[in-house]
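Down below is the structure, laid out as C-alpha cells.
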Amino acid sequence: MPAGALLLALAAGPASAVSGPELDYTLECAGCHRADGSGTPGSVPALRDSVARFLAVPEGRPYLARVPGAAQAPLDDAALAAVLNWMLVHFDAAHVPAGFTPYTAEEVGQLRTRPLVDVEGTRKLLLQHAATTSR
Amino acid sequence: MKAQRSPGDRWIDHLVENGARTLARRTSRRSLLARLGAAIVGTAAFPLLPVARAAEGDARLPAPSDAGLAPDVGDPTQCTYWRHCAIDGFLCACCGGSQSACPPGTEMSPITWIGTCRHPGDGKDYVISYNDCCGQALCMRCRCTRTEGEKPVYYTSKNNDLLWCFGTKSRAVNCSVAVVLGVATKS
Chain A
841 MPAGALLLAL AAGPASAVSG PELDYTLECA GCHRADGSGT PGSVPALRDS VARFLAVPEG
901 RPYLARVPGA AQAPLDDAAL AAVLNWMLVH FDAAHVPAGF TPYTAEEVGQ LRTRPLVDVE
961 GTRKLLLQHA ATTSR
Chain B
13 MKAQRSPGDR WIDHLVENGA RTLARRTSRR SLLARLGAAI VGTAAFPLLP VARAAEGDAR
73 LPAPSDAGLA PDVGDPTQCT YWRHCAIDGF LCACCGGSQS ACPPGTEMSP ITWIGTCRHP
133 GDGKDYVISY NDCCGQALCM RCRCTRTEGE KPVYYTSKNN DLLWCFGTKS RAVNCSVAVV
193 LGVATKS
C-alpha cells in the first residue's frame, strides 16, 4: 500500500498492517526519508520518483547499497536486499530499467563492506551522469 | 533676533494651516490615531505570529497524522500511556497539542525516529513515529523518559536523547508526539 494511502487509511479507521520489507523500511529508513519517500528538501534526499534513476548508470547500483543509511542499517543482507528491491519498485517504478535484476543478499553483503567516503560528491556525479544517459 | 518672514513663507503657512484645519474638521483624531497605531503595530507583529510560521511549515511539509485512529486506550497525558514506550521529552498532550498533533504555533519535525510499542488492548505491536514539535521554548509540562527499544547515542537514528528538530525552521524543541504509522505484522 502506498504510504499516502496508508495515512488516509489511518485517518479513516484502524491502523494498517505493515510487514516484510515495508516494515523494515518504516522502522529503519522512514524516520529520515519519511513514510512516503518524499524526504526533506535540503536535509534528506527524496526516494519517491527519484531513487531508481541511479540504476541508469552502472555505478549507481552499488551506490544504493553502499550509502550509509543502507549499508549501516541494522538489517541482515537478505533483509537489506529486500528493502532495496521494494523501495525501487514502490517509490520509483517508472525509472526502474527494463530487465532490472533484483539485488541479492550476496551482492548486498559484498557491497556494504566497502564504505562510501564521499556520499554527497558521489551522489552528485552519479545523478549528472544519469541525466546525461537519459537524454 | 526675530527672523523676517517673506511673502512666500506666509503663503506656505496659509496653505498648511488650511489643510490642517480641513483634515481636523473631516476626521476624528481618536479614530485616526487608532487606525494608524493598529496599522503600525499590526504590520510589525504579523511576521512574528507563531501560527503564521507554523502554517507556512505545514504547507511545505505535510505532517503525519493518525487522526481518527480508533479504538484507543489510556491517558495520553501520562508517561505510562502505551504509545509512549520510548518517548523522551515533554508530552504534547500536556502542552496544547495531543498525542499525535503539535500545539498551535509549533512545527512538527519531518525527520524523526521510529519504533514500536505494544498496545495493551489487542497485544499488537504498533509502529510509532516520535516527532518533536519545534518553534517554541520547552513546554516543561509532563516530562517523560521511557526507553523501550532505544539504542545508544552513537546509533543516532534510534536514540531519543537527541533533539529531533531537523528540517524545521526552528531548532527549538517544545514537546514530542507519538504518531501511529501502522501495525507491525510478520510477513
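Chains as they are written, first to last, in the numbering used here: chain A, 841 to 975; chain B, 13 to 199.
Backbone N, C-alpha and C define an ideal beta-carbon position, used for all residues, glycine too.
Check distances from the C-beta atoms of the stretch 867-882 of chain A to those of chain B and list, in chain order, the residues that come in under 7 Å.
Leu-867, Ala-870, Gly-871, Cys-872, Arg-874, Ala-875 and Thr-880
If you reduce the DSSP assignment to three classes, tell me which class Asn-186 of chain B lands in.
strand
Do you know how far the Cα of Cys-114 of chain B is from the Cα of Gly-185 of chain B?
Looking at the sequence provided, one finds Val at residue 185 of chain B rather than Gly. Spanning the two alpha carbons is a distance of roughly 11 Å.
Beta-carbon proximity check, Tyr-865 of chain A vs Ala-905 of chain A, cutoff 9 Å
no
Is there a Cβ from chain A that is less than 9 Å from the Cβ of Asn-30 of chain B?
no
Please determine, among B:Thr-92, B:Asp-87, B:His-26 and B:Ile-99, the residue with the shortest C-alpha to C-alpha distance to Asp-173 of chain B.
B:Ile-99
Contact criterion: CB-CB distance below 9 Å. Does Val-923 of chain A meet it with respect to chain B?
no
State the CB to CB distance for the pair Val-192 of chain B and Asn-143 of chain B, rounded to an integer number of angstroms; the pair is presumed to be in contact (CB under 8 Å).
About 12 Å separates the two Cβ atoms, so there is no contact after all.
Arg-158 of chain B by DSSP, collapsed to three states: which one?
coil
Using a C-beta cutoff of 9 Å, does Lys-214 of chain B count as contacting chain A?
Since the first residue shown for chain B is 13 and the last is 199, residue 214 of chain B is missing from the structure and cannot be characterised.
Just to confirm, is the Cβ distance from Ala-921 of chain A to Ser-141 of chain B under 9 Å?
no
Taking only beta-carbon atoms, is Leu-956 of chain A less than 9 Å away from chain B?
no
Entirely enclosed alpha helix (DSSP H) segments - the stretch 850-935 of chain A, minimum 4 residues:
860-868, 870-873, 900-906, 908-911 and 917-932
Verify the CB distance criterion: does Ser-890 of chain A have a CB-CB separation below 9 Å to chain B?
no
For Gly-179 of chain B, collect the residues of the same chain with a Cβ closer than 8 Å to its Cβ; drop the 5 residues on either side in sequence, then sort them by chain order.
Leu-73, Ser-121, Pro-122 and Ile-123
Using a Cβ distance threshold of 8 Å, determine whether the stretch 924-936 of chain A contacts the stretch 960-969 of chain A, with at least three qualifying pairs required.
no
Is Ala-196 of chain B helix, strand or coil when you go by DSSP?
strand
Report all residues from its chain with a CB closer than 8 Å to the CB of Thr-92 of chain B; omit the five preceding and five following residues, and keep chain order.
Gly-86
Chain B residues whose Cβ lies nearer than 9 Å to that of Val-884 of chain A:
Pro-122, Ile-123, Phe-178 and Gly-179
For Lys-136 of chain B, which residues of its own chain have a beta-carbon under 6 Å away from its beta-carbon, when the five flanking residues on both sides are left out?
Val-195
Where does Val-139 of chain B sit, in a helix, a strand or coil, going by DSSP?
strand
Exposed or buried, Glu-29 of chain B, counting other C-beta atoms within 10 Å across all chains shown (16 or more means buried)?
exposed
If we call anything under 9 Å between Cβ atoms a contact, is Asn-171 of chain B one with Glu-160 of chain B?
no
When you check each C-beta in the stretch 96-116 of chain B against every C-beta of chain A, which residues fall closer than 8 Å?
none
Assigned secondary structure, Arg-95 of chain B (DSSP; H/G/I helix, E/B strand, else coil):
helix
Would DSSP call Gly-101 of chain B helix, strand or coil?
strand
From the beta carbon of Gly-127 of chain B, is the nearest beta carbon of chain A less than 9 Å away?
yes
Using only the alpha-carbon positions, how far apart do Cys-151 of chain B and Gly-949 of chain A sit?
45 Å
Taking only beta-carbon positions, decide if Leu-920 of chain A is within less than 9 Å of chain B.
no
By DSSP, does Arg-963 of chain A sit in helix, in strand, or in coil?
helix
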